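What follows is a single structure, written as structure tokens, with notes after it.
There are 4 protein chains.
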Amino acid sequence: MNDNPFEVIKLKIRAFAEQRDWDQFHSPKNLAMALNVEAAELLEHFQWLSQQQSSSLDTETLAEVAEEIADIQVYLIRLADKLDVDIVAATEAKMEKNVQKYPAEKVRGQSKKYTKYQD
Amino acid sequence: MNDNPFEVIKLKIRAFAEQRDWDQFHSPKNLAMALNVEAAELLEHFQWLSQQQSSSLDTETLAEVAEEIADIQVYLIRLADKLDVDIVAATEAKMEKNVQKYPAEKVRGQSKKYTKYQD
Amino acid sequence: MNDNPFEVIKLKIRAFAEQRDWDQFHSPKNLAMALNVEAAELLEHFQWLSQQQSSSLDTETLAEVAEEIADIQVYLIRLADKLDVDIVAATEAKMEKNVQKYPAEKVRGQSKKYTKYQD
Amino acid sequence: MNDNPFEVIKLKIRAFAEQRDWDQFHSPKNLAMALNVEAAELLEHFQWLSQQQSSSLDTETLAEVAEEIADIQVYLIRLADKLDVDIVAATEAKMEKNVQKYPAEKVRGQSKKYTKYQD
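Note that the protein sequences, when read in sequence, are chains A, B, C and D.
With the numbering used here, letter number 92 in the first sequence gets 92, and the count goes up by one each step, no holes.
Just remember that the numbering used here sits 1000 ahead of the position in the second sequence, which is counted from 1.
Just remember that the numbering used here sits 2000 ahead of the position in the third sequence, which is counted from 1.
Just remember that the numbering used here sits 3000 ahead of the position in the fourth sequence, which is counted from 1.
Structure (structure tokens):
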């Protein structure tokens, strides 16, 4: 039995959508939009906070933020399912790429130019 | 040994950030911004496509989309780590909430009003 | 007297923020976040619609969409004010650049590759 | 002759799209997506900056930010044109609504709860 949580959640979302006949709305285009909407709802919680405040959320806000994180995760898994993308494999591959792209000895302490190392 | 991929990836990102002394930039506020930027890079691939086209991407575009999915997953896991949120638990809880909120027998086939059932 | 609507709105927003002592929250970083949040609220109205449906909104949805457009315009003018950017001049310059970048005779009818002409 | 810059820009964008036969891609749904993509490109410039740094951009970054502001303005005017929304009227109406919603004497100095006054 597969207990990889990505697989478990993927199958639950599939069943959820099928039972409601919502599959018809779940084109990758639409799912990418929905994911962006949820990402912005997450962003909204932080928009007027200082960086320091964003690290010490009150209990209520933290619960709301956790729910937004869940919404994003749901749409990300759903989108990957629709495109037949293996999220874990894609993530491991991208992290390996990042390790090559940003050699620690080269970028360490380069805070001022951090932005320039990002794409 | 924990082989939950969320945990494995979380620890890799932690090490990646520590080795580069980038932890200082990873406030929840900044990470929420970075996640939105990556989400929009995903969106960009779909902006001029029809829904049908978005379901049949060419190989090159699919590889780029998979990379954006990975970027989003990385920042989502990093943000959750910083806020001490358990993504899997939050996602399972949110899906249970959705099951209650959108009873299948009530919303099935309600395609026209689908939007109104979403929040 | 200046009746350029960009100027009129800019001054109204300034007064609005000053009267509420909200200027302290209006760093460019925060305003860029708020603008993204409003842009996603606009996006939300369209996420499950077909392209055709998005062109024939009902009266209620159109009124809500108009309000989101207004919210985006307000934050865009506010951000430009804070950075001392002349939106009209910047827009005219960018459009001139686009005219050079996408020569009509070259890109016309290139619908399939439209995405590749965008950056 | 109408020298309202919103009108001048609107007509220029119309001509630009017509000359390239790009009107077919400009459904409100797609334009809302493109606007979000541009908004995130703006956000990207600020994601790792402190709020203070975001107020004192170097000349090169400021020029890039001004270009992103222009891109957003172009898509906002184009979308409003497609939906037959009068941006200036919508903005004035929304600001009047905000004046009613956030009475200065009630919200002034309420920095901690600023978020709660926003929607």
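Note that the Cβ used here is the ideal one computed from N, Cα and C, for glycine as well.
If you're wondering where the values come from, they're calculated on a predicted model, not measured in any experiment.
- Taking a cut-off of 8 Å on C-beta distances, the segment 2025-2033 of chain C touches the segment 2074-2091 of chain C, as three or more cross pairs fall below it.
- Put simply, the backbone Cα of A:A104 is about 13 Å away from that of A:E96.
- Secondary structure at B:D1081: helix, using DSSP grouped into helix, strand and coil.
- Interface residue (Cβ-Cβ distance to chain B less than 9 Å): D:Q3047 is classified as such.
- For D:T3091, there are no CB contacts under 8 Å within the same chain when 5 residues up- and downstream are skipped.
- Taken through DSSP and simplified to helix, strand or coil, A:Q47 comes out as coil.
- Along the segment 3025-3037 of chain D, the positions whose C-beta sits under 7 Å from a C-beta of chain A are M3033, N3036, read in chain order.
- Using a Cβ-Cβ cut-off of 9 Å, C:K2094 counts as an interface residue toward chain D, since at least one Cβ of chain D sits closer than that to its own.
- Residues of the segment 1048-1061 of chain B with a Cβ closer than 9 Å to any Cβ of chain A, in chain order: L1049, S1050, Q1051, Q1052, Q1053, S1054, S1055, L1057.
- Annotation: the continuous alpha helix (DSSP H) that includes B:N1098 extends over 1087-1101.
- Beyond the five residues adjoining it in sequence on each side, C:D2086 comes within less than 7 Å, by CB distance, of no other residue in the same chain.
- Rounded to the nearest angstrom, the gap between the Cα atoms of B:E1044 and B:D1084 is 31 Å.
- Look at D:D3058 here: in three-state DSSP terms it is coil, with no helix or strand label.
- With a threshold of 9 Å between beta carbons, C:Q2019 makes contact with chain D.
- In this structure, D:V3037 places its C-beta atom within 9 Å of the C-beta atom of B:A1040.
- About 4 Å separates the beta carbons of A:Q51 and B:S1027, which is inside the 8 Å limit, making them a contact pair.
- Ranked by Cα distance from C:R2108, the first of D:A3063, D:W3022, D:V3008 is D:W3022.
- Among the residues facing chain C, D:R3108 is included, as its CB has a counterpart in that chain under 9 Å away.
- Within chain A, M95 have C-beta atoms less than 7 Å from the C-beta of B:K1012, given in sequence order.
- Contact with chain B is absent for D:E3064, since none of that chain's Cβ atoms lies less than 9 Å from the residue's Cβ.
- Closest by C-alpha distance to C:S2055, out of D:K3094, D:P3005, D:L3079, is D:L3079.
- Within 10 angstroms of the beta-carbon of A:L11 lie fewer than 16 other beta-carbons, which makes it exposed.
- The DSSP-derived three-state label of B:R1020 is helix.
- Around the beta-carbon of D:Q3047, 16 or more other beta-carbon atoms lie within 10 Å, marking it buried.
- Identification of chain D residues near B:L1043 by a Cβ-Cβ cut-off of 7 Å yields M3033, N3036, V3037, ordered along the chain.
- The beta carbon of D:I3009 sits closer than 6 Å to those of I3077, all from its chain and outside the five residues before and after it, given in chain order.
- Residues of chain A with a Cβ closer than 7 Å to the Cβ of C:A2040 are, in chain order, N36, V37, A40.
- About 28 Å separates the Cβ atoms of A:A63 and B:A1070, ruling out a contact at the 8 Å cut-off.
- Listed along chain D, the residues sitting closer than 7 Å to C:D2071 by beta-carbon distance are K3094.
- Residue state for C:R2108 is assigned as coil, using DSSP reduced to three classes.
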